[in-house]
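A.B. asks: Take a look at the following structure, please.
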Amino acid sequence: MMPSSTEHSPDTAHEELSFLATCPRSMETLLADELTGLGARVARTSVSSVHGSASREVLYRLCLWSRLANRIILVAGRFEDVEDAPALVAASNSIEWETMIAPGASLRVDFHGESAQIRHTRFGAQCVKDGVVDRFQDHGLARPTIDPGAADLRLYAHLHRGRLVLGIDLSGDSLHLRGYRLEGASAPLKENLAAALLVRADWPARAAKGESLFDPMCGSGTLLIEAALMACDVAPNLARERFGFHGWVGHDETQWQEVHGEAAHRARVGLRECRLSICGRDHNLRAMEAARANAGRAGVKSLIQIEHADALSAPPAMAPGLVITNPPYGERLGELPALISLYQGLGALLREHFVGWSVALLTGDPKLGHRLGMKAHRQYAFKNGSLDTKLLLIDVHERVRSEKPEQAPSATKGNEEAGAVTHSAGAQMFANRLRKNQKRLSKWLKRSGVECYRLYDADMPEYALAIDIYGAWVHVQEYAAPRSIDADQAERRLLEAIGVLPEVLGVAADYIFLKRRERQSGRAQYERRDSSGQRFQVNEGSARLWVNLRDYLDTGLFLDHRPVRRWLFENAADKRVLNLFCYTATASVQAALGGARESLSIDMSNTYLGWAEDNFRLNRLDMSRHRLMREDCMAWLERTGPQFDLIFMDPPTFSNSKKMDSVLDIQRDHAHMIERAMAHLTPTGTLLFSNNLRRFQMDESVNARFEVKALSKQMLDPDFERRPDIHHVYQIRHRIA
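Residue numbers (this note's numbering): 2 to 738.
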């Protein structure tokens, strides 16, 4: 350990003290400017911190007035080459803590960072504490006690690449905790991040000119409240009763009361004279009520109008100013449809009602910002917790035109004044293809009564999606783009495609479910992706079936097998039916509704067998005659057992499930599987064998031993005619001697 640079409490009120201020990453420059404006001398910035010096009076002001800092640390010492515990203890022991900490005081040590030998923050904190306690004992003073919950004073320690900073936390609790936000909404902004967004949007200057502020998605009201506090010259931590410096030996209560009294006077004047129009809305009633309660605790409730309303409804009459908002980010792929619709609708709202205003919008995906149809003149990066976000600054001008390239004339002409959403030429072509497919399938759908079908399957290679209709709902699967396709371009096309679906299909965006389909191994397509439990009833012929469009890659109903299930319905009367690899047993349900005398459905998954039972009960079928069994189908086939008149076997292409005794490869293993299944088939019975391996070839031994009839072409409905290799279906019977 190299010699330390140490500092101690001053003898005069005006002596400069070394400090560092911490903040969320990406806010360092803003914080440096703020601290300078409050009277501090800023020396440099580093990641998530600003370093400088200030008098005790200015340090009080920083704690009281900083809207951006997390903590103000009085630096007690800086050290180099601190790599292990002995060096950390020695560094801590070398500080003149007795000039800063009262004997017998209770302490809490907050340790940040690590080294090769110090890998846990609790161990680092213990080493710092040992050095402090030893220092007091060496000087014959009462040793401090440790109280992590309610300490008189918090010590700060940060270790990074051998460099150690030790100090006293003058803040106490983090300064972003203003005390007003007891009520929260989902994913609320921290107060100092909200303040930083307002600073970047130039709100202090706008407020000074009397401009309005509107947040159409205000949540728990943090942006509104921070804006009001700024506009009314209210110190953000004016209501805090205790700071960390209250436990510091160098604290001067008289000087602090002078600083606090000045801030209280400024707040009274500002709140009395403020005439700004600040308004927020939220569709969530609980969020709106929380925002009102938070504004009341912050003392600005009378200045803020908070309404329960949809974000896209016509706004209240206000003088031009700033629209600032933090829409949902959509961290999951499935949330994109609703977000795209929201951004497009927000863009239309801004163009229609907010001409002459400025917009500040925080988004987790700047490409979603393109759905606004307006170009940001400036972007700023921010960290919202662990999430990377961008603040988009936009000016809303008269007759603003979409920034999207290659606009189709028919999509834009005459629509801008009405606030209509515009689409790129490619998106318009995609929309036209959807309409063409709707028209092509319309007569068949009307005639057949089918309500669950495939509308689009990568018809245009640029828009590699499968779009399925499930009654009133839409299920979209994005095929993963090959590596040769630029990822940004693929995402842009996805957003374009999702953006046209509500308009073309006439559905609300929250009725659209989006997933990404990639090459799967084993039964990965059946694995849970979410846990919403959200399921719907759909009709197929006389059957009612449960589908879940959100939680799994597949939905519980294989649409391409619709003709197979229809065949089972038509051929199962008075037969004993076996369904192997049954999944959710929709084929068994159709066979039962077709008059099957009894059925046995086998699968390894308890989840899907439970789903299968729900399907049987939904159709009021007798579970004493239609049984479900959890079993490895491969193992079950190897045993002797009952005979069935009709067997349906639709195994996965490949499976290495831990629940199976062996690895399944359908091309390699199908001949043996068919042979074993035929051993369970009555002499006059039928095995319906299906699989989804695109290049599947039936083994010649099967053709030689049994009567095999290919039914693949007959088992395709019009919605899958473009994909003749989507499955292979065979009718297999015993040869009659």
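Glycine included, every Cβ here is placed at the ideal spot set by N, Cα and C. Values in this document were obtained by computation on a predicted structure and should not be read as measured data.
1. Three or more beta-carbon pairs under 8 Å between the stretch 278 to 291 and the stretch 314 to 329, yes or no?
2. My output table needs one value for Ser-54: the three-state DSSP class, helix, strand or coil.
3. With respect to the alpha helix (DSSP H) encompassing Leu-194, which residues constitute its N-terminal and C-terminal limits?
4. Relative to the alpha-carbon of Lys-302, which residue among Leu-225, Arg-26, Gln-345 has its alpha-carbon at the smallest distance?
5. Under the rule that 16 or more other beta-carbon atoms within 10 Å means buried, what is Ala-286, buried or exposed?
6. Tell me the start and end of each unbroken beta strand (DSSP E) in the stretch 673 to 709 that is at least 3 residues and wholly inside, in chain order.
7. Express the C-alpha separation of Arg-631 and Ser-606 in angstroms, rounding to a whole number.
8. Tell me, which residues are paired with Tyr-157 by DSSP?
9. Could you spell out where the alpha helix (DSSP H) holding Met-430 opens and where it closes?
10. In whole angstroms, what separates the C-alpha of Trp-257 from that of Arg-179?
11. Report the three-state DSSP secondary structure of Glu-341 (helix, strand or coil).
12. DSSP three-state label for Arg-494, please.
13. Identify whether Pro-410 lies in helix, strand or coil by the three-state DSSP scheme.
14. Between which two residues does the beta strand (DSSP E) harbouring Glu-639 extend?
15. Indicate the three-state DSSP secondary structure (helix, strand or coil) for Asn-385 in the structure shown.
16. Is the Cβ-Cβ distance between Thr-326 and Gly-365 less than 8 Å?
17. So Leu-313 is in the beta strand (DSSP E); what residue range does that whole segment cover?
18. Report yes if the CB atom of Leu-21 is closer than 8 Å to the CB atom of Ser-50, and no otherwise.
19. For Gln-538, name the three-state secondary structure that DSSP assigns.
20. If you follow the beta strand (DSSP E) that Gln-715 is part of, which residue opens it and which one closes it?
21. DSSP puts Trp-474 in a beta bridge; with which residues?
22. Classify Lys-576 as helix, strand or coil using the three-state DSSP reduction.
23. Report yes or no: do the stretch 149 to 156 and the stretch 194 to 205 share at least 3 C-beta pairs separated by less than 8 Å?
24. Kindly give me the distance between the Cβ atoms of Gly-542 and Arg-567, rounded to whole angstroms, as I take these residues to be in contact under 8 Å.
25. Who does Asp-460 pair with in a DSSP beta bridge?
26. Could you tell me which whole beta strand (DSSP E) segments of length 3 or greater appear in the stretch 588 to 639?
27. Report yes or no: do three or more beta-carbon pairs, one from the stretch 60 to 70 and one from the stretch 85 to 94, lie closer than 8 Å?
28. Quick one: is Asp-555 buried, meaning 16 or more other Cβ sit within 10 Å of its Cβ, or exposed?
29. DSSP three-state call for Glu-722: helix, strand or coil?
30. Would you check if there are 3 or more beta carbon pairs closer than 8 Å linking the stretch 303 to 313 to the stretch 240 to 248?
31. What is the rounded straight-line gap between the Cα of Ala-143 and the Cα of Val-59?
32. Should Thr-685 be labelled buried (16 or more other beta-carbon atoms within 10 Å of its own) or exposed?
33. First and last residue of the beta strand (DSSP E) that includes Gln-732?
34. Could you tell me which of Arg-493, Leu-435, His-378, Arg-494 sits nearest to Ile-470, measuring between CA atoms?
35. I need the boundaries of the beta strand (DSSP E) containing Thr-23, first residue and last residue.
36. Please classify Lys-576: is it buried, with 16 or more other beta-carbons within 10 angstroms of its beta-carbon, or exposed?
C.D. replies: Short version:
1. A contact is defined here as three or more CB-CB pairs under 8 Å, and the stretch 278 to 291 meets this definition with respect to the stretch 314 to 329.
2. Taking the first residue of the sequence shown as 1, we reach residue 54 at position 53. The answer is strand: DSSP assigns Ser-54 an E or B state.
3. Stepping through the sequence shown from its first residue, residue 194 is reached at position 193. Counting along the chain, the alpha helix (DSSP H) containing Leu-194 begins and ends at 192 to 201.
4. Here residue 302 corresponds to residue number 301 of the sequence shown, with the count starting at 1. If we check each option's Cα against that of Lys-302, Leu-225 comes out closest.
5. For this step, residue 286 is matched to residue 285 along the sequence shown. Here the sequence assigns Leu to residue 286, which means Ala is not the residue at that position. So Leu-286 counts as exposed.
6. Counting only unbroken stretches of 3 or more residues, the beta strand (DSSP E) elements lying wholly within the stretch 673 to 709 are 682 to 692, in sequence order.
7. What you label residue 606 is simply residue 605 of the sequence shown in a count that begins at 1. What you label residue 631 is simply residue 630 of the sequence shown in a count that begins at 1. Rounded to the nearest whole angstrom, the CA to CA distance from Ser-606 to Arg-631 is 7 Å.
8. Within the sequence shown, residue 157 is the residue found at index 156, counting from 1. According to the DSSP secondary-structure assignment, Tyr-157 is paired through a beta bridge with Asp-111, Gly-168.
9. As a position in the sequence shown, residue 430 is number 429, starting the count at 1. In this chain, the alpha helix (DSSP H) harbouring Met-430 covers 426 to 449.
10. Counted from its first residue, the sequence shown places residue 257 at position 256. Counted from its first residue, the sequence shown places residue 179 at position 178. Approximately 18 Å between the Cα atoms of the pair.
11. Here residue 341 refers to the residue found at position 340 when the sequence shown is read from its first residue. The sequence given here places Ile at residue 341; Glu does not occur at that position. The three-state secondary structure of Ile-341, taken from DSSP, is helix.
12. Counting from 1 along the sequence shown, the entry for residue 494 is found at position 493. Correct three-state label for Arg-494: helix.
13. Counting from 1 along the sequence shown, the entry for residue 410 is found at position 409. Caution applies to Pro-410, whose pLDDT of 35 falls short of 50 and renders its modelled position unreliable; the value that the coordinates give is listed next. In this structure, Pro-410 counts as helix in the three-state DSSP scheme.
14. Taking the first residue of the sequence shown as 1, we reach residue 639 at position 638. Per DSSP, Glu-639 lies in no beta strand (DSSP E) segment; the continuous alpha helix (DSSP H) that holds it begins and ends at 634 to 639.
15. Residue mapping note: residue 385 aligns to position 384 of the sequence shown, counting from 1. Collapsing the DSSP output to three states places Asn-385 in a strand.
16. Sequence index remark: in the sequence shown, residue 326 carries index 325 (1-based). Sequence index remark: in the sequence shown, residue 365 carries index 364 (1-based). No.
17. Within the sequence shown, the letter at position 312 stands for residue 313. Under the DSSP assignment, Leu-313 falls outside any beta strand (DSSP E); it carries neither an H nor an E label.
18. Taking the sequence shown and counting its residues from 1, one reaches residue 21 at position 20. Taking the sequence shown and counting its residues from 1, one reaches residue 50 at position 49. Result yes, Cβ atoms of Leu-21 and Ser-50 sit closer than 8 Å.
19. The sequence position of residue 538 within the sequence shown is 537, counting from 1. In the structure shown, Gln-538 sits in a strand (DSSP, three-state: E or B).
20. Taking the sequence shown and counting its residues from 1, the one referred to as residue 715 is at position 714. Run containing Gln-715: none; DSSP gives neither H nor E here.
21. Here the question's residue 474 lines up with position 473 in the sequence shown. Tyr-471.
22. As a first step, residue 576 is located in the sequence shown; it is residue number 575 there, counting from the start. In this structure, Lys-576 counts as coil in the three-state DSSP scheme.
23. Contact fails: fewer than three Cβ-Cβ distances are below 8 Å.
24. Translated into positions along the sequence shown, residue 542 becomes position 541. Translated into positions along the sequence shown, residue 567 becomes position 566. Cβ-Cβ separation between Gly-542 and Arg-567: approximately 7 Å, consistent with a contact (criterion under 8 Å).
25. One-based indexing of the sequence shown puts residue 460 at position 459. Note: Asp-460 sits in no beta bridge, so no partner.
26. Complete beta strand (DSSP E) runs here, min 3: 599 to 604, 627 to 631.
27. With the cut-off at 8 Å, the stretch 60 to 70 and the stretch 85 to 94 do not touch.
28. As a position in the sequence shown, residue 555 is number 554, starting the count at 1. The residue is buried, with at least 16 neighbouring Cβ atoms inside 10 Å.
29. In the sequence shown, the residue the question calls residue 722 occupies position 721. In the structure shown, Glu-722 adopts coil according to DSSP, grouped into three states.
30. Contact between the stretch 303 to 313 and the stretch 240 to 248 is absent, because fewer than three Cβ pairs lie under 8 Å.
31. Within the sequence shown, numbered from 1, the residue matching residue 143 stands at position 142. Within the sequence shown, numbered from 1, the residue matching residue 59 stands at position 58. Straight-line Cα distance between these residues: approximately 31 Å.
32. Taking the first residue of the sequence shown as 1, we reach residue 685 at position 684. Counting of Cβ neighbours within 10 angstroms places Thr-685 among the exposed residues, the total staying below 16.
33. The sequence position of residue 732 within the sequence shown is 731, counting from 1. 729 to 735 is the span of the beta strand (DSSP E), which, as asked, contains Gln-732.
34. Walking along the sequence shown from the start, residue 470 turns up at place 469. Of Arg-493, Leu-435, His-378, Arg-494, the residue nearest in Cα terms is Leu-435.
35. Looking up residue 23 in the sequence shown gives position 22. For Thr-23, the uninterrupted beta strand (DSSP E) run begins and ends at 18 to 23, by DSSP.
36. Against the sequence shown, residue 576 aligns to sequence position 575. Counting Cβ neighbours within 10 Å, Lys-576 comes out buried, since at least 16 surround it.
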